[in-house]
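**Student:** Chains as they are written, first to last, in my numbering: chain W, 1 to 546; chain U, 1001 to 1095. Note that the Cβ used here is the ideal one computed from N, Cα and C, for glycine as well. Dropping a structure here in structure tokens format, bear with me for questions.
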């Protein structure tokens, strides 16, 4: 894992000191809320329905046990004993007090963490593949490049006041576990026939009000030049992105208005001037960072066999454990979607337990997924049973990864001031309808994603079934969308028909799943594949026919 | 329709309701605001100690106010999915 050097820590310390002073001035009444609001947002501090909400950055979703314990400490000390892991691989706290904020920031900075650039019109937390460094299908660990992007984008003076927020994701395999085509910039690390590494560059993807699948603007940029290429993209966006209309300000609108060809031409022209200036990191810096992501020393004698005689353990292994590139090891996903739970929430005791288990069984490393789960990426198969027992003891062994109850849900109107409707109760009600695990496994892979407003933090446009909360004369209503995917076969979900109330949307999902089970070509055909094969008409008939 | 004055405390972010002389975290303590509402709101905005002050519509009667919008009912009662964090003066059942 990457550890801060003196410069990283100095930047955080200086920024924390600056914001602590701004908080103190606001509390003393020396600056107004209008003056303070953009400052607090740049430091991840929102005012939500019930209290201040703090979003803490978790770069590319990777945490050490020490950092996870600090997140637990913050939940216990400054919040109400829990946190909410987000679709941007971050964590949010819902009950923060401004008057305690200075101490909180000091605590975070002790473990090389902070909250800046988790809001505001800047480059946000860089996201990546939760299986990075462990997946058998990756060409290299993508996180050193995500870390370079983090360093480049941190307090970047030219890109601190962009037309709108900007999100970048980096992966290194053909399987897309980070939804890169739905990002402002999506980077896929690849290896060419000569064995060199380079990136395919997608630009202009995104969800929210205007969902768009990103376009390839360059099929190959050598790794040694990708930073200056990203700089060129950001420069074109910063110069020509619209600032007159917040709803038209994302880069996807610029790409659409210019056309991909013209946008690409402008980026290439900008880059031609930038590339010779030495903006890219020298090889020694690449080497320094890559060395910090060196894989742990895997035991070549680690046994590959697994005792699956405990049926509950066997189910968990089948559902939540993935192959690892090293023989005798496995990747495990910890579901944060327990029965009757809140998607993405974890108590401080659970965070501490995961930290302990990661230390004992997973080389001291934890990942947060954009699906609001956690991953322990390097676990000896011989330790899986003990790990599972440890997770089960704290309610974290739910074997439902990618099943109908593994639902993404934003905080919705239970917490969020932007939301039009609640998301969490919808997720809970749907999950409760399919509580039986055998039923869930029979249904198979089904990604339901719920957003409480058009901003789409719940990724409803990428859901096999997407649900969007809307306001109907002050009351909650829900639109139903079908056919989305955030994977390598990215597609945007489309609205199926008229909306529903809270109970109606749950019944509609039941009908959809009932129809799917009757119409699929076989148990291996996923919900999404059946939808793609048959089209929306029979699904619409199943939901709306009287 | 009765209106209540609400906002969030600067120091803590807590949801507050105007009682006629002070602020309370419980909507049942709130008093209906008459024509003086806009003037009160202007004072609060100028004082800069209460964030997002607003007048909201409610039904019911003193001690049993129910906001007309789902959003304000959630603000008054607490998150509907965490009964343990409910504020106590308005049941999450009304959401």
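Bridge partners for residue 435/W per DSSP, in chain order?
**Tutor:** In the first chain, residue 435/W corresponds to position 435, counting from 1. Residue 435/W is not bridged to any residue.
**Student:** Please tell me whether residue 515/W and residue 493/W are closer than 9 Å, where the distance is taken between their beta carbons.
**Tutor:** As a first step, residue 515/W must be located in the first chain, where it is residue number 515. As a first step, residue 493/W must be located in the first chain, where it is residue number 493. Taking 9 Å as the Cβ cut-off, residue 515/W and residue 493/W do not qualify as a contacting pair.
**Student:** In angstroms, rounded to a whole number, what distance separates the CA positions of residue 179/W and residue 27/W?
**Tutor:** Numbered from 1 along the first chain, position 179 holds the residue referred to as residue 179/W. Numbered from 1 along the first chain, position 27 holds the residue referred to as residue 27/W. Rounded to the nearest angstrom, the two C-alpha atoms are 40 Å apart.
**Student:** Three or more C-beta pairs closer than 8 Å, one from the stretch 401-410 of chain W and one from the stretch 419-427 of chain W: is that the case here?
**Tutor:** At 8 Å Cβ cutoff, the stretches touch.
**Student:** In the DSSP assignment, find the beta strand (DSSP E) that holds residue 1042/U and state where it starts and stops.
**Tutor:** Taking the first residue of the second chain as 1, we reach residue 1042/U at position 42. It is not in any beta strand (DSSP E) - residue 1042/U instead sits in the alpha helix (DSSP H) that spans 1037-1047.
**Student:** Rounded to a whole number of angstroms, what is the C-alpha to C-alpha distance between residue 411/W and residue 449/W?
**Tutor:** Along the first chain, one-based indexing puts residue 411/W at 411. Along the first chain, one-based indexing puts residue 449/W at 449. Approximately 12 Å between the Cα atoms of the pair.
**Student:** Any beta carbon from chain W within less than 9 Å of residue 1014/U's own beta carbon?
**Tutor:** Position 14 of the second chain, counted from the start, is the residue given in the question as residue 1014/U. Closer than 9 Å to some Cβ of chain W, the Cβ of residue 1014/U qualifies, so yes.
**Student:** Take residue 329/W and list the residues in its own chain whose beta-carbon comes closer than 8 Å to its own, dropping the five residues that flank it on each side.
**Tutor:** By one-based count along the first chain, residue 329/W stands at place 329. Excluding positions up to five away in sequence, the list reads 134, 298, 302, 378, 379, 380, 381.
**Student:** Identify whether residue 331/W lies in helix, strand or coil by the three-state DSSP scheme.
**Tutor:** Taking the first residue of the first chain as position 1, residue 331/W is located at position 331. Residue 331/W: strand per DSSP, three-state reduction.
**Student:** Can you give me the C-alpha to C-alpha distance between residue 265/W and residue 217/W, rounded to a whole angstrom?
**Tutor:** Here residue 265/W is taken as the residue at index 265 of the first chain, counted from 1. Here residue 217/W is taken as the residue at index 217 of the first chain, counted from 1. Taking the straight line from one Cα to the other gives about 9 Å.
**Student:** I need the straight-line Cα distance from residue 10/W to residue 221/W, nearest angstrom please.
**Tutor:** As a working note, residue 10/W is residue 10 in the first chain. As a working note, residue 221/W is residue 221 in the first chain. Approximately 32 Å, taken between the alpha carbons.
**Student:** Since residue 1033/U and residue 1005/U are thought to touch, with beta carbons under 8 Å apart, how far apart are those beta carbons, to the nearest angstrom?
**Tutor:** The sequence position of residue 1033/U within the second chain is 33, counting from 1. The sequence position of residue 1005/U within the second chain is 5, counting from 1. The Cβ separation is near 5 Å, so the contact holds.
**Student:** Tell me the residue span of the beta strand (DSSP E) that contains residue 1066/U.
**Tutor:** Working through the second chain from its first residue, we reach residue 1066/U at position 66. Element bounds for residue 1066/U: 1064-1067.
**Student:** What is the rounded straight-line gap between the Cα of residue 211/W and the Cα of residue 205/W?
**Tutor:** In the first chain, the residue the question calls residue 211/W occupies position 211. In the first chain, the residue the question calls residue 205/W occupies position 205. Distance between the alpha carbons of residue 211/W and residue 205/W is about 7 Å.
**Student:** Excluding the 5 residues flanking residue 233/W on each side, which residues of the same chain have their C-beta closer than 7 Å to its C-beta?
**Tutor:** Within the first chain, the letter at position 233 stands for residue 233/W. Same-chain partners within the cutoff: 185, 203, 267.
**Student:** Runs of 3 residues minimum, wholly inside the stretch 307-380 of chain W: which ones carry the beta strand (DSSP E) assignment?
**Tutor:** The qualifying runs are 321-323, 329-334, 345-347, 365-368, 374-380.
**Student:** Hey, out of 502/W, 506/W, 446/W, whose CA is closest to residue 1070/U's CA?
**Tutor:** Numbered from its first residue, the second chain carries residue 1070/U at position 70. The option with the nearest alpha carbon to residue 1070/U is 502/W.
**Student:** Can you find the residues in the same chain that come closer than 8 Å, C-beta to C-beta, to residue 343/W, ignoring five residues on each side of it along the sequence?
**Tutor:** Taking the first chain and counting its residues from 1, the one referred to as residue 343/W is at position 343. Only 336, 337, 372, 407, 408, 409, 424, 427 meet the Cβ criterion.
**Student:** Please classify residue 6/W: does DSSP put it in a helix, a strand, or coil?
**Tutor:** Residue numbering aside, residue 6/W sits at position 6 when the first chain is read from its first letter. If DSSP states are grouped into helix, strand and coil, residue 6/W belongs with the helices.
**Student:** Using a C-beta to C-beta distance shorter than 7 Å, which residues of chain U count as neighbours of residue 474/W?
**Tutor:** Counting from 1 along the first chain, the entry for residue 474/W is found at position 474. Simply 1068, 1069, 1070.
**Student:** Considering Cα atoms alone, identify which of 256/W, 119/W, 231/W is closest to residue 242/W.
**Tutor:** Taking the first chain and counting its residues from 1, one reaches residue 242/W at position 242. With distances taken between Cα atoms, residue 242/W lies closest to 256/W.
**Student:** Check whether the stretch 16-31 of chain W and the stretch 62-69 of chain W touch, using three or more Cβ-Cβ pairs below 8 Å as the test.
**Tutor:** Segments in contact, no.
**Student:** Judging by CA-CA distance, which residue of 443/W, 383/W, 418/W is the nearest neighbour of residue 401/W?
**Tutor:** As a working note, residue 401/W is residue 401 in the first chain. Of the candidates 443/W, 383/W, 418/W, the one whose C-alpha sits nearest the C-alpha of residue 401/W is 443/W.
**Student:** Can you pull the chain W neighbours of residue 1075/U, defined as C-beta to C-beta under 8 Å?
**Tutor:** Taking the second chain and counting its residues from 1, the one referred to as residue 1075/U is at position 75. In chain order: 49, 50.
**Student:** What did DSSP end up calling residue 1059/U once you bin it into helix, strand or coil?
**Tutor:** Sequence index remark: in the second chain, residue 1059/U carries index 59 (1-based). Here residue 1059/U sits in strand by DSSP.
**Student:** Within the chosen definition, does the stretch 121-129 of chain W reach the stretch 164-180 of chain W through at least 3 CB pairs nearer than 8 Å?
**Tutor:** With a cut-off of 8 Å, the stretch 164-180 of chain W and the stretch 121-129 of chain W count as touching, because enough Cβ pairs lie within range.
**Student:** Contact criterion: CB-CB distance below 9 Å. Does residue 1095/U meet it with respect to chain W?
**Tutor:** Looking up residue 1095/U in the second chain gives position 95. Chain W, which has a Cβ nearer than 9 Å to the Cβ of residue 1095/U, makes this yes.
**Student:** Strictly below 8 Å CB to CB, what residues from chain U border residue 97/W?
**Tutor:** Reading the first chain from its first residue, position 97 is the one you call residue 97/W. Those are 1011, 1012, 1013, listed as they occur along chain U.
**Student:** Taking the alpha carbon of residue 528/W as the point to measure from, which residue in 489/W, 157/W, 504/W has its own alpha carbon closest?
**Tutor:** Against the first chain, residue 528/W aligns to sequence position 528. Of the candidates 489/W, 157/W, 504/W, the one whose C-alpha sits nearest the C-alpha of residue 528/W is 489/W.
**Student:** Which residue wins for smallest C-alpha separation from residue 520/W, given the options 534/W, 3/W, 507/W?
**Tutor:** Walking along the first chain from the start, residue 520/W turns up at place 520. Checked all of 534/W, 3/W, 507/W; the closest Cα to residue 520/W is 534/W.
**Student:** One question on the structure: do residue 416/W and residue 48/W come within less than 9 Å of each other, judged by their Cβ atoms?
**Tutor:** The count along the first chain starts at 1 and reaches residue 416/W at position 416. The count along the first chain starts at 1 and reaches residue 48/W at position 48. Closer than 9 Å, so yes.
**Student:** Please state whether DSSP places residue 94/W in a helix, a strand or coil.
**Tutor:** Position 94 of the first chain, counted from the first residue, corresponds to residue 94/W. Residue 94/W falls in the strand class under three-state DSSP.
**Student:** Would you be able to state if there are at least three C-beta pairs under 8 Å between the stretch 468-488 of chain W and the stretch 449-459 of chain W?
**Tutor:** They touch, by the three-pair rule.
**Student:** Is the shortest distance between the beta-carbon of residue 57/W and the beta-carbons of chain U less than 9 Å?
**Tutor:** For this step, residue 57/W is matched to residue 57 along the first chain. Not closer than 9 Å to any Cβ of chain U, the Cβ of residue 57/W fails to qualify, so no.
**Student:** Keeping to the same chain, check which residues put their C-beta closer than 6 Å to that of residue 290/W; ignore five residues upstream and five downstream.
**Tutor:** Looking up residue 290/W in the first chain gives position 290. Counting only Cβ-Cβ distances below 6 Å, and skipping sequence neighbours, we find 144.
**Student:** How many whole angstroms separate the CB atoms of residue 395/W and residue 357/W, which I take to be in contact at a CB cut-off of 8 Å?
**Tutor:** Residue numbering aside, residue 395/W sits at position 395 when the first chain is read from its first letter. Residue numbering aside, residue 357/W sits at position 357 when the first chain is read from its first letter. About 13 Å separates the two Cβ atoms, so there is no contact after all.
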